[in-house]
Structures are given as structure tokens and as C-alpha cells.
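Notes follow once the structure below has been shown.
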Amino acid sequence: MASKVLGGLAVAVLSAAAWFGWMGWDTEYDVDPVTQSASGPYQAWQVIGCGVTLLVLLVGALLLGVTAPVACVAITVPFTAAWTTTAAATDDSGLFVVGAVLVFLGLAAATTVVSAVTVALRRS
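Counting in our numbering, the sequence shown runs from 244 upward without gaps.
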């Protein structure tokens, strides 16, 4: 029991660390010199790297014995909290709340699907 709790806590810490390590530090938008259109602040490589990190973290946790519900919550909640903390600090409009809900729902759906597939493959 204690190892499962520690496993869940480790997943939670690593999930938040994935946000800060891949994207939480980048707050600058890029402006195209020709069109003057802004994009960012994140580059594709950051989003892909973060997604792959969370995927490896989730599958690894499941294979090491963390239960699917614990692993899903331990990725979704801390990552969303880390994202929300960063977004709230730079948003004057309050729209970060909409983003936080979307991050939460997207991660909850993705972790549920990946967990179901991983558990099914492991049982077969």
C-alpha cells in the first residue's frame, strides 16, 4: 500500500515537473517580421516533448503497479495546477480559467484512454 501511495506521489511531482520543465519557463511570444503576427509562446517541440513525457510517465507508472485511477489523477490534477499557476500569473482577462478547464478535460480524457489501452494490452 505504501509503495502505491509513493508511486502516485512520484507521478504527481513528475507531472508538474513536466509542465515546468518543458513549457512553464517560456513566456515570450514570437512575432513574424514579415506579417507581424504573433505566435507562441510554446514551440511544437516543447508541446511534443511534454506530451511524450506524460505518456511515458503514465505508461511507466501503470507498468510499475500504480493503479489506473491513481495514475490518471496524479497526472491530470498536478499538471493542470502547474499550468493554471503559470497562466494566472500572466493573464489579466481571467480567461486562464477556460484554459485550465480545457487542460483538465483534455488530460483526463487522454489519461483515461491511454490507461484503458495499457491495462487491456497488459492483460492480453
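Every residue gets a Cβ at the ideal spot worked out from N, C-alpha and C, and that includes glycine.
Let me check one thing: in DSSP terms, what residues is V332 bridge-paired to? Locating residue 332 in the sequence shown gives position 89, where the first residue counts as 1. Position check: residue 332 holds Ala in this sequence, whereas Val was assumed. Per DSSP, none; premise fails for A332.
Decide if W262 is buried, meaning its Cβ has at least 16 other Cβ atoms within 10 Å, or exposed. To locate residue 262, count along the sequence shown from 1; it is residue 19. Buried, because 16 or more other Cβ atoms sit within 10 Å of the Cβ of W262.
For L297, which option in R366, T327, T333, G349 has the closest C-alpha, if you only look at C-alpha atoms? Within the sequence shown, numbered from 1, the residue matching residue 297 stands at position 54. The residue with the shortest Cα to Cα distance from L297 is G349.
In whole angstroms, what is the alpha-carbon distance linking F347 and C315? Walking along the sequence shown from the start, residue 347 turns up at place 104. Walking along the sequence shown from the start, residue 315 turns up at place 72. Roughly 11 Å between the two C-alpha positions.
Can V313 and G251 be called in contact, C-beta distance under 7 Å? As a first step, residue 313 must be located in the sequence shown, where it is residue number 70. As a first step, residue 251 must be located in the sequence shown, where it is residue number 8. Yes, these two residues count as a Cβ contact at 7 Å.
Please work out which residues of its chain come closer than 7 Å, Cβ to Cβ, to T361, disregarding the five sequence neighbours upstream and downstream, and give them in chain order. Mapped onto the sequence shown, residue 361 falls at position 118. Once the five neighbours on either side are set aside, the close Cβ partners of T361 are V302, L305.
Specify whether the segment 286 to 297 and the segment 253 to 270 touch according to this definition: at least 3 beta carbon pairs, one from each stretch, less than 8 Å apart. Yes, the segment 286 to 297 is in contact with the segment 253 to 270.
On the DSSP letters alone, give me the boundaries of the alpha helix (DSSP H) that V256 sits inside. Looking up residue 256 in the sequence shown gives position 13. Per DSSP, V256 belongs to the alpha helix (DSSP H) from 245 to 262.
Reducing DSSP to helix, strand and coil, say where S367 ends up. Translated into the one-based positions of the sequence shown, residue 367 becomes position 124. It is coil, neither helix nor strand.
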